[in-house]
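Q: Before I ask anything, here is the structure I am working with.
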Amino acid sequence: MLQMVTKFEAPRIDVIFDQYLTPSIKDYEHSQRLESAQLSYTITGPDQTRPSDFTKELKNSNFKQALVDFFILHWASDEIIPFIGNKTIYINSKQCHSFVVNASNNIVTRVVEELSCPEHEEADTKIVYHACSISNRVNIVIRSVDTDIAAIMLGHMHHIQNDSLIWMLIGTGNNLRYVDLTKIYVKLGKSFCKSLPGFHAITGCDYNPAFFRKGKLKPFKILKRTEEYQKAFIKLGKNELFENDNERQRIFDVVQQFICEIYNVGSITDVDAARLQLFINTYQVSDINEAFSRKKLRSFDASSLLPCKSELLQQFLRANYVSSIWNNANQQIPTIYQPENNGWVLENNQYHFKWFEGDQLPNFVRDSLKTVSETDAEEEDQDIEWSNSDEENDNIDDDNE
């Protein structure tokens, strides 16, 4: 790996890894990879046989942590000197370690306290922290294809020191290309870019579902042309949204209006009212005496509706918590808040999404559905009885013949 990262001509190379905490707001993502069932892993040295399915092992957080620990030890050995040369190498996982070759041709390694950020769990925010910590004017290239990093980095361009230029290197092989984040920042403007982490957190990321069939482009265009929404998303992650109920409600109301506009009901500012309006637009009867068609109702795609207020509130709380981490990625301690009561619940030492609070359905709706279900069952029973009766009559006729 060191041979791969040192092929670039840059005098400084930062290799940054996730940190694996327990419990973690990434518990659900890890459970989808079946990581909880995987055993611990130890790498004893460079001669250890490589796993037959290396890609599969990279889904195991225990293996990845063991691999990082191995790099930290192995890169301090003399055989690595030709690869490091006159470069400075940093590895950041739990702590940040530096590796340089001194005048005596020996490797000197140390823990760099000012770059260590043990409160950061994801490499995404550590990358931004490293970039914002560089004091001299340089060209900074981030090698990643992660959209999260682009959104977070653009939100922190105003923290970059001495007009350093930021690029992202994306793609593989012949499809490698550089994306000039500095140019994008200048074009979009400071206010818009500062709103991007909050926007990304609410419209779909590792911690929140995206709005079904809405994508990012339409919400992005709405955000770009509406300063009120930009100001609201900049607020996400601020202390007052955790500590001031009135301010939190005010921003939530703006977010509701934003979601309504995404679903083409911008004249309405309440998501529950917008859901009702979308339903009425399709199923409103033209005459009060017109019979209500349950069969037509059954074909209704509920996923085409915007989320209800109870669910959106939890999504908003998660976005606010994640934004407190992303918007403070330039700090060693990004947030002082905890996931509980911010869209997650802690059960069996794991964080789980809190999807909504209160009843899933109003009582009158639940009772109506129960009545409809019982009526449908009775109709099916009657159909079966009539069918059986016809069969019996046929049998009698056959016997008589």
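Heads up: the sequence shown is residues 1 to 401, going by UniProt numbering.
Built from N, CA and C at the ideal position, the CB exists for glycine as well.
Source: prediction; values computed, not measured.
If you draw a straight line from the C-alpha of Glu392 to the C-alpha of Trp355, how long is it?
A: Position 392 of the sequence shown, counting from 1, holds the residue named residue 392. Position 355 of the sequence shown, counting from 1, holds the residue named residue 355. With a pLDDT of 46 at Glu392, under the threshold of 50, the modelled position of that residue is not reliable, and no figure is offered here.
Q: Relative to the C-alpha of Ala123, which residue among Lys94, Glu114, Asn102, Ser133 is closest?
A: Position 123 of the sequence shown, counted from the first residue, corresponds to residue 123. Selected option, being the one with the closest Cα: Lys94.
Q: Excluding the five sequence neighbours on either side, which residues of its own chain have a C-beta within less than 7 Å of the C-beta of Tyr129, listed in chain order?
A: Along the sequence shown, one-based indexing puts residue 129 at 129. Closer than 7 Å at Cβ, skipping near neighbours: Cys117, His120, Ala329, Asn330.
Q: Taking the alpha-carbon positions, what's the Asn136 to Asn162 distance?
A: As a working note, residue 136 is residue 136 in the sequence shown. As a working note, residue 162 is residue 162 in the sequence shown. Asn136 and Asn162: Cα-Cα distance of roughly 6 Å.
Q: So Leu67 is in the alpha helix (DSSP H); what residue range does that whole segment cover?
A: As a working mapping, residue 67 is identified with position 67 in the sequence shown. Taken as a continuous stretch (DSSP letters only), the alpha helix (DSSP H) holding Leu67 covers 61-74.
Q: Check whether the segment 354-370 and the segment 255-273 touch, using three or more Cβ-Cβ pairs below 8 Å as the test.
A: Because the criterion of three Cβ pairs below 8 Å is not met, the segment 354-370 and the segment 255-273 do not touch.
Q: When DSSP builds the beta bridges, which residues end up paired with Asp14?
A: In the sequence shown, the residue the question calls residue 14 occupies position 14. Answer is Tyr90, bridged to Asp14.
Q: Where Phe211 and Tyr229 are concerned, what is the direct C-alpha to C-alpha distance, given to the nearest angstrom?
A: Translated into positions along the sequence shown, residue 211 becomes position 211. Translated into positions along the sequence shown, residue 229 becomes position 229. Taking the straight line from one Cα to the other gives about 17 Å.
Q: Could you check the C-alpha separation between Ser52 and Phe252 for me, to the nearest Å?
A: Along the sequence shown, read from residue 1 onward, the residue named residue 52 stands at position 52. Along the sequence shown, read from residue 1 onward, the residue named residue 252 stands at position 252. Distance between the alpha carbons of Ser52 and Phe252: 50 Å.
Q: Can you have a look at Leu39 and say buried or exposed, based on whether 16 or more other CB atoms are within 10 angstroms of its CB?
A: Numbered from its first residue, the sequence shown carries residue 39 at position 39. Result: exposed.
Q: Within the same chain, show all residues whose beta-carbon is closer than 8 Å to that of Leu223, passing over the 5 residues directly before and after it, in chain order.
A: Against the sequence shown, residue 223 aligns to sequence position 223. The answer, listed in chain order, is Phe192, Ser195, Phe199, Tyr229, Gln230, Phe233, Phe258.
Q: Counting C-beta neighbours from all protein chains within 10 Å, is the total for His158 16 or more, i.e. buried, or is it exposed?
A: Position 158 of the sequence shown, counted from the first residue, corresponds to residue 158. Counting Cβ neighbours within 10 Å, His158 comes out exposed, since fewer than 16 surround it.
Q: Thinking C-beta only, is Asp27 closer than 9 Å to Gln338?
A: In the sequence shown, residue 338 corresponds to position 338, counting from 1. In the sequence shown, residue 27 corresponds to position 27, counting from 1. Result no, Cβ atoms of Gln338 and Asp27 do not sit closer than 9 Å.
Q: Under a three-way DSSP split, which group does Asn281 fall into?
A: If you number the sequence shown from 1, residue 281 lands on position 281. If DSSP states are grouped into helix, strand and coil, Asn281 belongs with the helices.
Q: For Pro334, count neighbouring C-beta atoms within 10 Å of its own C-beta (all shown protein chains included) and say buried if the count is 16 or more, exposed if not.
A: For the purposes of this step, residue 334 is taken as residue 334 along the sequence shown, with counting starting at 1. Classification for Pro334: buried.
Q: Leaving out five residues before and five after Trp167 in sequence, what residues of the same chain have Cβ atoms less than 8 Å from its Cβ?
A: On the sequence shown, position 167 is the one that residue 167 refers to. Same-chain partners within the cutoff: Asn139, Ile140, Val141, Ile142, Tyr178, Val179, Asp180, Leu181, Thr182.
Q: Do the CB positions of Trp75 and Phe54 come within less than 9 Å of each other?
A: As a first step, residue 75 is located in the sequence shown; it is residue number 75 there, counting from the start. As a first step, residue 54 is located in the sequence shown; it is residue number 54 there, counting from the start. Their beta carbons are not under 9 Å apart, which means Trp75 does not touch Phe54 by this criterion.
Q: With Trp326 as the anchor, note down where its alpha helix (DSSP H) starts and where it stops.
A: Your numbering for residue 326 matches position 326 in the sequence shown. Segment 309-326, the alpha helix (DSSP H) holding Trp326.
Q: Run the CB neighbour count on Thr282, radius 10 Å, all protein chains shown included, and call it buried at 16 or more, exposed below.
A: Locating residue 282 in the sequence shown gives position 282, where the first residue counts as 1. When all chains shown are included, Thr282 counts as exposed.
Q: Gly189: buried (16+ other C-beta within 10 angstroms of its C-beta) or exposed?
A: Counting from one through the sequence shown, the residue named residue 189 turns up at place 189. So Gly189 counts as exposed.
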